[in-house]
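K.L.:
The sequence shown: position 226 = 226 (the UniProt record's numbering), numbered continuously.
Cβ coordinates follow ideal geometry from the N, Cα and C atoms, glycine included.
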Amino acid sequence: MGFGSHRVREDDGRRDGRERRRRYDSDLKQNEKEGKGRDGEKQGMDGRKADSWRPEQASSRQGHMNNDEEEDEQMKIKDETETSLVNLRRTIYLTIMSSVDFEEAGHKLSKIKLEAGQEMELCIMMLECCGQERTYLRYYGLLAQRFCKINKVYQENLEKCFVQQYSMTHRLETNKLRNVANFFAHLLGTDALSWHVLAYIRLTEEDTTSSSRIFIKILFQELSEHLGIRLLNERLNDPLMRDSFESIFPKDNPKNTRFSINFFTSIGLGGITENLREYLKNMPRLIVLQQQASSSSDDDLGSSSSSSSESSGSDRGRKRSR
1 MGFGSHRVRE DDGRRDGRER RRRYDSDLKQ NEKEGKGRDG EKQGMDGRKA
51 DSWRPEQASS RQGHMNNDEE EDEQMKIKDE TETSLVNLRR TIYLTIMSSV
101 DFEEAGHKLS KIKLEAGQEM ELCIMMLECC GQERTYLRYY GLLAQRFCKI
151 NKVYQENLEK CFVQQYSMTH RLETNKLRNV ANFFAHLLGT DALSWHVLAY
201 IRLTEEDTTS SSRIFIKILF QELSEHLGIR LLNERLNDPL MRDSFESIFP
251 KDNPKNTRFS INFFTSIGLG GITENLREYL KNMPRLIVLQ QQASSSSDDD
301 LGSSSSSSSE SSGSDRGRKR SR
């Protein structure tokens, strides 16, 4: 089933939303109980609440210098900024988890007033919520896709998230790893994200771990399932995108080329390595041609150098004869 089936995508999003909302309602009750416990932990050792201190109390104390007051003010501003950020994340989280479908979530989230630069917080929270699910829910891919289409800033931030998530795959639990890979496969398959982000993946034995290989496996298997092997192959062989895929289909040495071929073959996607196989097959001949070209270039350089020396010597001889 392709990413292009709009009606099917909507239905899946609604089913996902209802299931998620039922769990959200039960989790919320538990979180409220835990929240009361955390409020108690915020109290100081003398029994006062941590936020009971007020700036005006400091002004009544003797011996305080102006620089201390400035530091206190800066600390207050920092605390307020952090509190505001926590509240923003909580609002985004509650909106995502309580919405019935991705359209409702998108509508509510678009009404949240974000300051410049806070768009990344929304992207991070979508990923976090997606990662904590027991299985991947298409709801998150549809929601992220919606924001990518609305504003390019979300596309750019999610591309940064892709790079960040791939770089820390070794820290992700297997379940979260699978969900995140599915999430980005959806965005790539719908062209919500540019395929140029794949340039960050270098598929060699030395540059991958077991976790990153799982990520790549799920990413490409999902792309193959939804686009079809033929269309996927066409995308990967697009001349305009060739530079972005060189690190996934390396041609720098036979070892890396074979590793890439064997990897995709082992996950059932050997069909996308046909060009790489042809390159490997012709590699000995290409190496010989390169060596011949290099040798010819060296010979030309040597003969040019020799001619230059002879010419210089004859010039000196003519000068002496005069």
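Distance check for Glu278 and Leu127, CA to CA, integer angstroms please.
P.N.:
Cα to Cα, Leu127 sits roughly 39 Å from Glu278.
K.L.:
Tell me which same chain residues have a C-beta within less than 6 Å of the C-beta of Asn157, skipping the five on either side of it?
P.N.:
For Asn157, where only same-chain residues beyond five positions count, the Cβ hits under 6 Å are Glu119, Met120, Cys123.
K.L.:
Does the distance from the CB of Asn179 to the CB of Gly131 come in under 8 Å?
P.N.:
Their beta carbons are under 8 Å apart, which means Asn179 touches Gly131 by this criterion.
K.L.:
Does the distance from the CB of Ser193 to the CB of Gln155 come in under 8 Å?
P.N.:
Looking at the sequence provided, one finds Leu at residue 193 rather than Ser. Yes, they are a contact pair.
K.L.:
Report, in whole angstroms, the separation of the C-beta atoms of Ala185 and Leu143, which I expect to be a contact under 8 Å.
P.N.:
Contact flag wrong, Cβ pair sits at about 15 Å.
K.L.:
Comparing alpha-carbon positions, which option in Asp243, His196, Pro250 lies nearest Leu280?
P.N.:
Ranking Asp243, His196, Pro250 by Cα distance to Leu280 puts Pro250 first.
K.L.:
From the DSSP output, in three-state form, read off Thr83 for me.
P.N.:
Here Thr83 sits in helix by DSSP.
K.L.:
Would the region 249-268 count as touching the region 194-214 if we require 3 or more Cβ pairs under 8 Å?
P.N.:
Yes, they touch.
K.L.:
Restricting to runs no shorter than 4 residues, where is the alpha helix (DSSP H) found entirely within the region 84-142?
P.N.:
For the region 84-142, whole alpha helix (DSSP H) runs of length 4 or above, ordered along the chain, are 102-110, 119-131.
K.L.:
Apart from the five residues on each side of it in sequence, which residues of its chain come closer than 7 Å, Cβ to Cβ, to Leu188?
P.N.:
Excluding residues within five positions, the ones whose Cβ falls inside 7 Å are Trp195, Leu223.
K.L.:
With DSSP run on the structure shown, which of helix, strand or coil describes Ala199?
P.N.:
The answer is helix: DSSP assigns Ala199 an H, G or I state.
K.L.:
Applying the criterion that 16 or more other CB atoms from any shown protein chain within 10 Å of the CB defines a buried residue, is Glu274 buried or exposed?
P.N.:
Counting Cβ neighbours within 10 Å, Glu274 comes out exposed, since fewer than 16 surround it.
K.L.:
Which residues mark the beginning and the end of the alpha helix (DSSP H) in which Thr174 is found?
P.N.:
Here the alpha helix (DSSP H) through Thr174 covers 174-189.
K.L.:
Does Met237 come out as helix, strand or coil in the three-state DSSP assignment?
P.N.:
According to the sequence displayed, residue 237 carries Asn and not Met. The answer is coil: DSSP assigns Asn237 none of H, G, I, E or B.
K.L.:
Hey, could you find the ends of the alpha helix (DSSP H) Lys255 is sitting in?
P.N.:
Element bounds for Lys255: 254-266.
K.L.:
Quick check: what's the CA-CA separation for Arg285 versus Met125?
P.N.:
About 52 Å.
K.L.:
From which residue to which residue does the alpha helix (DSSP H) around His226 run?
P.N.:
Where His226 is concerned, the enclosing alpha helix (DSSP H) stretches over 210-227.
K.L.:
Is Lys152 helix, strand or coil by DSSP?
P.N.:
Lys152 falls in the helix class under three-state DSSP.
K.L.:
By Cβ distance below 7 Å, which residues in the same chain neighbour Ile216 in space, the five residues on each side in sequence not counted?
P.N.:
Taken in chain order, the residues that qualify are Ile201, Leu203.
K.L.:
Is His170 buried or exposed, if buried means 16 or more other CB atoms sit within 10 Å of its CB?
P.N.:
Classification of His170: exposed, given that the 10 Å Cβ count is below 16.
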